[in-house]
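> Shown below is the structure under consideration.
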Amino acid sequence: MDQGKKAQLKAKERLLARVKARKDIGLLYQQLILGDRNALATAITLCESTATDDQIFSRELIQNILPHTGKAKRIGITGVPGVGKSTFIEQFGLNLIAAKHKVAVLAIDPSSQRTKGSILGDKTRMEMLSNHEQAFIRPSPANDALGGVAARTREAMLLCEAAGYDVILIETVGVGQSEIAVRSMVDYFLLLMLAGAGDELQGIKRGIMEMADGIAITKVDGENTLASKRAKAEYKNALHLFPPAKNQWSPQVFLTSAYENIGLDEVKNNIDLYFKQLSENGYLQTQRKEQNIGWFDNLLREGMLQAFLSQEGKLQELKLLREAVASGNIDPQSAAKKLLSL
Ligand code: GDP
């Protein structure tokens, strides 16, 4: 770790210690809304903490910052590992910064719960963007026993907005569950796809395609170009088969190369058009309301689970029952009933 990063980490730790010692959310709030990156990182860490004290602080902090949130464009970006997400996001983020935006990148990685790593753990990812003054990059919490990763990401998003970031990119790996969580917290959902060998429209992708507001075919350079053009026609046809969206939006397909910075401006223009069109027809507001309801529902689910599992002995019982289900000593239904004392 270089000296600068070490010093930054120290400053963050000192700030967190001071905030905790003085139970002073006011201090953190002040620095956060001035756009201080250390304060932002500290605030996100506080929200990720499961300590009861920290949770009380973080709830208060979120309450305080709410009036400063809601103005950013919230964009979800998804695609299978290797499709080119981080390369795309880095170039896209740099383009946005060149257009005078402040960009925050948050990542949800469901597999991180198993590996205790993170898709952004590798420091070489998005190096240029992560070193940029106008960018802030944050991986998802490494693990969360109660499955609240999505809730933490939502809070991180709000904190970034309060710190003045006006574009929030939320990255997720295209494996199902996390897309649905991300879809419910963003305005525009971008799906990255490769021009593959005829398997484009199969399996899980169809469901994810239906959620997309735009599809970008990646790595359209070199020998991929021809296959990509064919894939574009296929995807366009497939999109026509879906029923029209409530918000009147028709998703487009883009040919992009992050290496050559091709097609990324078209994606950006499409996102701008989306915001213009949906502000005019009122759907942006409707979607934001739905996002809030989703937030509420999630908090409720998480809270109920937490309250339930904090009962004496429940966590231990859960652990034992999981093992028993795995080894076939009890069936899942009976195990769930037992835990719930039904
Ligand atoms: P992720 O796993 O979805 O985040 O994918 P990465 O961004 O790590 O990219 C996966 C691989 O594809 C890497 O080897 C990249 O160098 C390569 N790649 C990414 N973008 C492009 C592109 O625009 N053109 C080409 N030819 N390769 C790319």
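Quick note on numbering: numbering that gives the first Met the number 0 labels position 3 of the sequence shown as 2, and the sequence is numbered without any gaps.
Cβ atoms here follow ideal geometry from the backbone N, Cα and C, with glycine treated the same way.
Source: prediction; values computed, not measured.
Any heavy atom of the ligand PLP closer than 7 Å to the Cβ of Asp220?
Among the ligands in the structure shown, the ligand PLP does not appear; only the ligand GDP can be found there.
> Could you please give me the residues that DSSP links to Lys72 through a beta bridge?
Translated into positions along the sequence shown, residue 72 becomes position 73. Partner(s): Val166.
> State buried or exposed for Ala230, treating a residue as buried only when at least 16 other CB atoms are found within 10 Å of its CB.
In the sequence shown, the residue the question calls residue 230 occupies position 231. By the neighbour-count rule (16 or more Cβ atoms within 10 Å), Ala230 is buried.
> Going by beta carbon distance, what residues of the same chain come within less than 7 Å of Lys84, once the five residues before and after it are set aside?
Your numbering for residue 84 matches position 85 in the sequence shown. Result list for Lys84: Ile76, Gly78, Glu170 and Leu191, in chain order.
> Evaluate Lys336 with the Cβ neighbour count: other Cβ atoms within 10 Å of its Cβ, from every protein chain shown; 16 or more gives buried, anything less gives exposed.
In the sequence shown, counting from the first residue as 1, residue 336 sits at position 337. Counting Cβ neighbours within 10 Å, Lys336 comes out exposed, since fewer than 16 surround it.
> What number of angstroms, rounded off, separates the C-alpha of Leu299 from the C-alpha of Val219?
In the sequence shown, the residue the question calls residue 299 occupies position 300. In the sequence shown, the residue the question calls residue 219 occupies position 220. So the two alpha carbons sit approximately 44 Å from each other.
> What is the C-beta distance between Pro250 and Ala194, in whole angstroms, given that I count them as a contact (C-beta under 8 Å)?
Counting from one through the sequence shown, the residue named residue 250 turns up at place 251. Counting from one through the sequence shown, the residue named residue 194 turns up at place 195. Going by Cβ atoms, the distance from Pro250 to Ala194 rounds to 17 Å, so no, they are not a contact pair.
> So, with DSSP's three-state summary, where would you put Ile118?
As a position in the sequence shown, residue 118 is number 119, starting the count at 1. The pLDDT assigned to Ile118 is 48, lower than 50, so where the model puts this residue is not dependable, and the model offers no usable value.
> Along the alpha helix (DSSP H) that carries Val102, what are the first and last residues, could you check?
The residue you call residue 102 lines up with position 103 of the sequence shown. Per DSSP, Val102 belongs to no alpha helix (DSSP H); it is in the beta strand (DSSP E), Val102 to Ile107.
> Does DSSP put Ala134 in a helix, in a strand, or in coil?
Position 135 of the sequence shown, counted from the start, is the residue given in the question as residue 134. Correct three-state label for Ala134: strand.
> Return yes when at least one heavy atom of the ligand GDP lies under 7 Å from the C-beta of Thr217, else no.
Here the question's residue 217 lines up with position 218 in the sequence shown. Because some heavy atom of the ligand GDP lies under 7 Å away, the Cβ of Thr217 counts as near it: yes.
> Below 8 Å between beta carbons: does that hold for Lys101 and Gly163?
Along the sequence shown, one-based indexing puts residue 101 at 102. Along the sequence shown, one-based indexing puts residue 163 at 164. Result yes, Cβ atoms of Lys101 and Gly163 sit closer than 8 Å.
> Whole angstroms is fine: what's the gap from Ala149's alpha carbon to Val181's?
Here the question's residue 149 lines up with position 150 in the sequence shown. Here the question's residue 181 lines up with position 182 in the sequence shown. Straight-line Cα distance between these residues: approximately 7 Å.
> For a quick check, are the C-beta atoms of Ile216 and Phe253 less than 8 Å apart?
Here residue 216 refers to the residue found at position 217 when the sequence shown is read from its first residue. Here residue 253 refers to the residue found at position 254 when the sequence shown is read from its first residue. Yes, they are a contact pair.
> Just how far apart, CA to CA, sit Ser340 and Lys318?
One-based indexing of the sequence shown puts residue 340 at position 341. One-based indexing of the sequence shown puts residue 318 at position 319. One C-alpha to the other measures close to 16 Å.
> What number of angstroms, rounded off, separates the C-alpha of Leu31 from the C-alpha of Ile214?
Position 32 of the sequence shown, counting from 1, holds the residue named residue 31. Position 215 of the sequence shown, counting from 1, holds the residue named residue 214. Approximately 34 Å between the Cα atoms of the pair.
> What distance in whole Å lies between the Cβ atoms of Thr41 and Leu27, which are believed to be in contact at a cut-off of 8 Å?
Numbered from 1 along the sequence shown, position 28 holds the residue referred to as residue 27. Numbered from 1 along the sequence shown, position 42 holds the residue referred to as residue 41. That belief holds up - the Cβ atoms of Leu27 and Thr41 are roughly 6 Å apart, short of 8 Å.
> Less than 6 Å between C-beta atoms, sequence neighbours within five positions excluded: which residues of the same chain meet that for Arg73?
As a first step, residue 73 is located in the sequence shown; it is residue number 74 there, counting from the start. Hits under 6 Å: Ile167, Val185 and Asp186.
> Quick check: what's the CA-CA separation for Glu160 versus Arg287?
In the sequence shown, the residue the question calls residue 160 occupies position 161. In the sequence shown, the residue the question calls residue 287 occupies position 288. Glu160 and Arg287: Cα-Cα distance of roughly 14 Å.
> Please list the segments of the beta strand (DSSP E) lying wholly inside the segment 217-271, counting only runs of 3 or more residues, in order along the chain.
The qualifying runs are 251-254.
> Taking all protein chains shown into account, do 16 or more other C-beta atoms lie within 10 angstroms of the C-beta of Lys122, making it buried, or fewer, making it exposed?
As a working note, residue 122 is residue 123 in the sequence shown. Confidence at Lys122 is low in this model, with a pLDDT of 44, below 50, so the placement of that residue is unreliable and no value is reported for it.
> Is the separation between the beta-carbon of Gln90 and that of Leu263 shorter than 8 Å?
What you label residue 90 is simply residue 91 of the sequence shown in a count that begins at 1. What you label residue 263 is simply residue 264 of the sequence shown in a count that begins at 1. Against a cut-off of 8 Å, the Cβ pair of Leu263 and Gln90 comes out as a contact.
> According to the neighbour-count rule (16 or more other Cβ atoms, all chains shown, within 10 Å of its Cβ), is Ile55 buried or exposed?
Start at 1 with the first residue of the sequence shown, and residue 55 comes out as number 56. That one is exposed.
> Could you tell me which residues DSSP pairs with Val181 in its beta bridges?
Indexing the sequence shown from 1 puts residue 181 at position 182. Looking at the DSSP assignment, Val181 forms no beta bridge with any residue, so it has no partner.
> So what does Gly78 bridge to, in DSSP terms?
Here the question's residue 78 lines up with position 79 in the sequence shown. Paired residue(s): Val172.
> Using a Cβ-Cβ cutoff of less than 8 Å, which residues in the same chain neighbour Asn260 once the five nearest sequence positions on both sides are dropped?
Walking along the sequence shown from the start, residue 260 turns up at place 261. Taken in chain order, the residues that qualify are Gln90 and Asn94.
> When you compare each of Leu189, Leu272, Lys313 and Ala155 to Gly69 by their alpha carbons, which one comes out closest?
Here the question's residue 69 lines up with position 70 in the sequence shown. Comparing Cα-Cα distances from Gly69 to each of Leu189, Leu272, Lys313 and Ala155, the minimum goes to Ala155.
> Considering only residues of the same chain and omitting the five flanking positions on each side of Leu39, which have a CB-CB separation below 8 Å?
Position 40 of the sequence shown, counting from 1, holds the residue named residue 39. Contacts found: Leu31, Phe135, Leu158, Cys159 and Ala162.
> Can you check DSSP and say which residues form a bridge with Met192?
The residue you call residue 192 lines up with position 193 of the sequence shown. Per DSSP, Ile216.
> Can you tell which of Trp248, Thr255, Ser256 and Lys267 has the C-alpha that lies nearest to the C-alpha of Ser278?
As a position in the sequence shown, residue 278 is number 279, starting the count at 1. Among Trp248, Thr255, Ser256 and Lys267, the Cα nearest to that of Ser278 belongs to Trp248.
> Distance check for Pro66 and Leu57, CA to CA, integer angstroms please.
In the sequence shown, residue 57 corresponds to position 58, counting from 1. In the sequence shown, residue 66 corresponds to position 67, counting from 1. Per the sequence shown, residue 57 should be read as Ser rather than Leu. Cα to Cα, the separation comes out at about 15 Å.
> Check whether the Cβ atoms of Thr152 and Leu105 lie closer than 8 Å to each other.
On the sequence shown, residue 152 is found 153 positions in, with the first residue counted as 1. On the sequence shown, residue 105 is found 106 positions in, with the first residue counted as 1. Closer than 8 Å, so yes.
> Less than 7 Å between the CB of Thr86 and some heavy atom of the ligand GDP, yes or no?
Along the sequence shown, one-based indexing puts residue 86 at 87. Yes, since a heavy atom of the ligand GDP falls inside the 7 Å radius drawn around the Cβ of Thr86.
> Cβ of Ser138 within 7 Å of any heavy atom in the ligand GDP?
For the purposes of this step, residue 138 is identified with residue 139 of the sequence shown, where counting begins at 1. Note that residue 138 corresponds to Pro in the displayed sequence, not to Ser. No, the ligand GDP has no heavy atom inside 7 Å of this Cβ.
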